[in-house]
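Asker: Right, I'll just put the structure down here and ask away after.
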Amino acid sequence: MALDIVGDGILISGKRILVTGANGLLGRRVVALLSQTNDVFAVVHEMPTEPIAGVRYFPIDLAKPWGVELLPARVDAIIHLAQSAHFRDVPSRALEVFQVNIASTAQLLDYAWRTGTERFVYASSGGIYSGGVQTFYETSPVTQPDTLGYYLGSKVSCEALASSYARFLKVMVLRFFFIYGRGQNRTMLIPRLIDNIRGGRSITIQGEMGLRLNPIHVSDAAATVLAALSSENSGIYNVAGPEILSLRELCNEIGALVGKSAIYDVMPGTPSDVVGDISMMSAHLHVPSVAPRTGLRELI
Numbered sequence: 331m332a333l334d335i336v337g338d339g340i341l342i343s344g345k346r347i348l349v350t351g352a353n354g355l356l357g358r359r360v361v362a363l364l365s366q367t368n369d370v371f372a373v374v375h376e377m378p379t380e381p382i383a384g385v386r387y388f389p390i391d392l393a394k395p396w397g398v399e400l401l402p403a404r405v406d407a408i409i410h411l412a413q414s415a416h417f418r419d420v421p422s423r424a425l426e427v428f429q430v431n432i433a434s435t436a437q438l439l440d441y442a443w444r445t446g447t448e449r450f451v452y453a454s455s456g457g458i459y460s461g462g463v464q465t466f467y468e469t470s471p472v473t474q475p476d477t478l479g480y481y482l483g484s485k486v487s488c489e490a491l492a493s494s495y496a497r498f499l500k501v502m503v504l505r506f507f508f509i510y511g512r513g514q515n516r517t518m519l520i521p522r523l524i525d526n527i528r529g530g531r532s533i534t535i536q537g538e539m540g541l542r543l544n545p546i547h548v549s550d551a552a553a554t555v556l557a558a559l560s561s562e563n564s565g566i567y568n569v570a571g572p573e574i575l576s577l578r579e580l581c582n583e584i585g586a587l588v589g590k591s592a593i594y595d596v597m598p599g600t601p602s603d604v605v606g607d608i609s610m611m612s613a614h615l616h617v618p619s620v621a622p623r624t625g626l627r628e629l630i
């Protein structure tokens, strides 16, 4: 049974809310929660096989030119979760990634300003921070442009675009760290680790323990998005899980669940950790509660 957390007593009702990326792992969960008490307008690449009752779907290919006339005349809030599925295919599909990740963000921000939208929530990534053996705070340095890469560069660019609108509407930038949960694309980190361990394929780690990370279950991530909608301020927040694990520890947890020991290919060197400090998130948005040991069972 899927884990479900509504989030710290937060109740959002009677709002008109536009959600992009509504067919994605996080988008599906957010739409399902919000649609219980709100009018939800879901932007999707194609219609879902199992539409959520009461949700109005807008099939729009964000990789191609599109106009805001396709959207509702006005909404109270926008949750922009959409990102290109081809983020690994750069430079061959760089322009598609640009259209989905950057151009659509600029277009939605302009739409929000022109139509009087009150809140804009943007999904960024914890991968933008400069690597190292430390915990990342919201004030930590961002990786230099020459090593950031196209996908993460698009996230940094859109953070700047979104933050520039904070004079006109409430803007919340959420830097997610390794969301996981039922139904996730098997090419993503944690499903890929599960499939490799189950299939007897080796896991490459740097150093004996590998990098450290604190992945967040999709139910906690969705609860944080709902909390961001209720915030009276603009801000940037890390969104990560409650438990820090090394890659070896994570794979050992997976191995115990699938009944098969992980095989490691240990490389020399010191790994760059990807750990997000969640003090701000816990104090102002949502306290994550799903430990990997519990959340991983959904993916096995």
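Heads up: the sequence shown begins at 331 in the numbering used here, then just goes up one per residue. Quick reminder that beta carbons are idealized off the backbone N, C-alpha and C, glycines included.
#1: Given a cut-off of 9 Å, decide if Ala557 and His614 are closer than it, judged by their beta-carbon atoms.
#2: Need the endpoints of the beta strand (DSSP E) that Met597 sits in, please.
#3: With which residues is Thr350 paired in a DSSP beta bridge?
#4: What does the Cβ neighbour count give for Gln514, buried or exposed, with the cut at 16 atoms within 10 Å?
#5: Excluding five sequence neighbours on each side, which residues of the same chain lie with their C-beta closer than 7 Å to the C-beta of Val430?
#6: Within the chosen definition, does the segment 525–542 reach the segment 500–512 through at least 3 CB pairs nearer than 8 Å?
#7: For Val385, which of helix, strand or coil comes out of DSSP?
#8: Buried or exposed: where does Glu426 fall if 16 or more other Cβ atoms within 10 Å of its Cβ makes it buried?
#9: Report yes if the C-beta distance between Gly571 and Pro622 is below 9 Å; otherwise report no.
#10: Check for me: the beta strand (DSSP E) holding Tyr567 runs from which residue to which?
#11: Taking C-beta to C-beta, are Val605 and Arg542 nearer than 9 Å?
#12: Going by DSSP, what residue range makes up the alpha helix (DSSP H) through Thr534?
#13: Nearest by alpha-carbon distance to Pro378: which of Gly483, Leu355, Leu400, Glu399 is it?
#14: Do you know how far the Cα of Pro389 is from the Cα of Phe506?
#15: To which residues of the same chain is Ala332 closer than 6 Å at the C-beta, ignoring the five residues directly before and after it?
#16: Mind checking which residues open and close the beta strand (DSSP E) that includes Tyr452?
#17: Per DSSP, Lys500 forms a beta bridge with which residues?
#18: Counting pairs of Cβ atoms below 8 Å between the segment 439–449 and the segment 466–479, do you hit three or more?
#19: Does the distance from the C-beta atom of Ile566 to that of Ser493 stay below 9 Å?
#20: Is it true that the CB of Pro545 sits closer than 9 Å to the CB of Ile524?
#21: Checking 9 Å against the spacing of the C-beta atoms, do Leu491 and Ala436 come in under that value?
#22: Could you compute how far the alpha carbon of Lys590 sits from the alpha carbon of Arg528?
#23: Tell whether a beta-carbon distance below 9 Å holds between Ser365 and Gly384.
#24: How many Å lie between Asp334 and Asp419 at the Cα?
#25: Once you ignore the five residues that flank Arg346 on each side, which residues in its own chain have a CB closer than 6 Å to its CB?
#26: I need the straight-line Cα distance from Glu601 to Tyr481, nearest angstrom please.
#27: So the alpha helix (DSSP H) Ser602 belongs to, where does it begin and stop?
#28: Please classify Met611 as buried or exposed, where buried requires at least 16 other C-beta atoms within 10 Å of its C-beta.
#29: Using the C-alpha atoms, what's the distance from Val588 back to Asp563?
#30: To the nearest angstrom, how far is it from the Cα of Glu380 to the Cα of Arg516?
Answerer: Per the coordinate set shown:
#1: One-based indexing of the sequence shown puts residue 614 at position 284. One-based indexing of the sequence shown puts residue 557 at position 227. Going by C-beta atoms, His614 is nearer than 9 Å to Ala557.
#2: Numbered from its first residue, the sequence shown carries residue 597 at position 267. For Met597, the enclosing beta strand (DSSP E) begins and ends at 594–597.
#3: Here residue 350 corresponds to residue number 20 of the sequence shown, with the count starting at 1. Looking at the DSSP output, Thr350 sits in a beta bridge with Val373, His410.
#4: As a first step, residue 514 is located in the sequence shown; it is residue number 184 there, counting from the start. By the 16-neighbour rule on beta-carbons within 10 angstroms, Gln514 is buried.
#5: To locate residue 430, count along the sequence shown from 1; it is residue 100. Excluding residues within five positions, the ones whose Cβ falls inside 7 Å are Leu392, Ala393, Ala412, Gln413, Ser414.
#6: Counting Cβ pairs under 8 Å, fewer than three are found: no touch.
#7: Taking the first residue of the sequence shown as position 1, residue 385 is located at position 55. Coil.
#8: For the purposes of this step, residue 426 is identified with residue 96 of the sequence shown, where counting begins at 1. Classification of Glu426: buried, given that the 10 Å Cβ count is 16 or more.
#9: For the purposes of this step, residue 571 is identified with residue 241 of the sequence shown, where counting begins at 1. For the purposes of this step, residue 622 is identified with residue 292 of the sequence shown, where counting begins at 1. Yes, Cβ-Cβ distance for Gly571 and Pro622 is below 9 Å.
#10: Position 237 of the sequence shown holds residue 567. Annotation: the continuous beta strand (DSSP E) that includes Tyr567 extends over 565–569.
#11: As a first step, residue 605 must be located in the sequence shown, where it is residue number 275. As a first step, residue 542 must be located in the sequence shown, where it is residue number 212. Taking 9 Å as the cut-off, the Cβ atoms of Val605 and Arg542 count as close.
#12: Here residue 534 corresponds to residue number 204 of the sequence shown, with the count starting at 1. Premise fails: Thr534 lies in the beta strand (DSSP E), 533–536, not in any alpha helix (DSSP H).
#13: Working through the sequence shown from its first residue, we reach residue 378 at position 48. With distances taken between Cα atoms, Pro378 lies closest to Leu355.
#14: Translated into positions along the sequence shown, residue 506 becomes position 176. Translated into positions along the sequence shown, residue 389 becomes position 59. If I take the Cα positions, the gap works out to 25 Å.
#15: Reading the sequence shown from its first residue, position 2 is the one you call residue 332. Confidence is the limiting factor: at Ala332 the pLDDT is only 46, short of 50, which leaves the residue's position unreliable, though a coordinate-based value still follows. Cβ neighbours of Ala332 beyond the five flanking positions: Arg512.
#16: To locate residue 452, count along the sequence shown from 1; it is residue 122. Going by DSSP, Tyr452 is part of the beta strand (DSSP E) stretching over 449–455.
#17: The residue labelled residue 500 in the question sits at position 170 within the sequence shown. Beta-bridge pairing links Lys500 to Arg449.
#18: Here the segment 439–449 does not lie against the segment 466–479, with fewer than 3 beta-carbon pairs under 8 Å apart.
#19: As a position in the sequence shown, residue 566 is number 236, starting the count at 1. As a position in the sequence shown, residue 493 is number 163, starting the count at 1. Pairing Ile566 with Ser493 gives a Cβ-Cβ distance under 9 Å.
#20: On the sequence shown, position 194 is the one that residue 524 refers to. On the sequence shown, position 215 is the one that residue 545 refers to. For Ile524 and Pro545, no; Cβs fall outside 9 Å.
#21: Position 161 of the sequence shown, counting from 1, holds the residue named residue 491. Position 106 of the sequence shown, counting from 1, holds the residue named residue 436. Yes, these two residues count as a Cβ contact at 9 Å.
#22: In the sequence shown, residue 590 corresponds to position 260, counting from 1. In the sequence shown, residue 528 corresponds to position 198, counting from 1. In a straight line, the C-alpha of Lys590 is about 7 Å away from that of Arg528.
#23: For the purposes of this step, residue 365 is taken as the residue at position 35 of the sequence shown. For the purposes of this step, residue 384 is taken as the residue at position 54 of the sequence shown. Result yes, Cβ atoms of Ser365 and Gly384 sit closer than 9 Å.
#24: Walking along the sequence shown from the start, residue 334 turns up at place 4. Walking along the sequence shown from the start, residue 419 turns up at place 89. Interpretation of Asp334 is limited by its pLDDT of 48, a score under 50 that renders its predicted location unreliable; no figure is taken from the coordinates.
#25: Here residue 346 is taken as the residue at index 16 of the sequence shown, counted from 1. Answer for Arg346: Asp369, Val405, Asp406, listed in chain order.
#26: On the sequence shown, residue 601 is found 271 positions in, with the first residue counted as 1. On the sequence shown, residue 481 is found 151 positions in, with the first residue counted as 1. Here residue 601 is Pro; the residue named in the question, Glu, does not match the sequence. One C-alpha to the other measures close to 21 Å.
#27: As a first step, residue 602 must be located in the sequence shown, where it is residue number 272. Per DSSP, Ser602 lies in no alpha helix (DSSP H) and is assigned neither H nor E.
#28: Translated into positions along the sequence shown, residue 611 becomes position 281. By the 16-neighbour rule on beta-carbons within 10 angstroms, Met611 is buried.
#29: Looking up residue 563 in the sequence shown gives position 233. Looking up residue 588 in the sequence shown gives position 258. Per the sequence presented here, residue 563 reads as Asn, with Asp not at that position. Taking the straight line joining both Cα atoms gives about 44 Å.
#30: Counted from its first residue, the sequence shown places residue 380 at position 50. Counted from its first residue, the sequence shown places residue 516 at position 186. Going from the Cα of Glu380 to the Cα of Arg516 covers about 20 Å.
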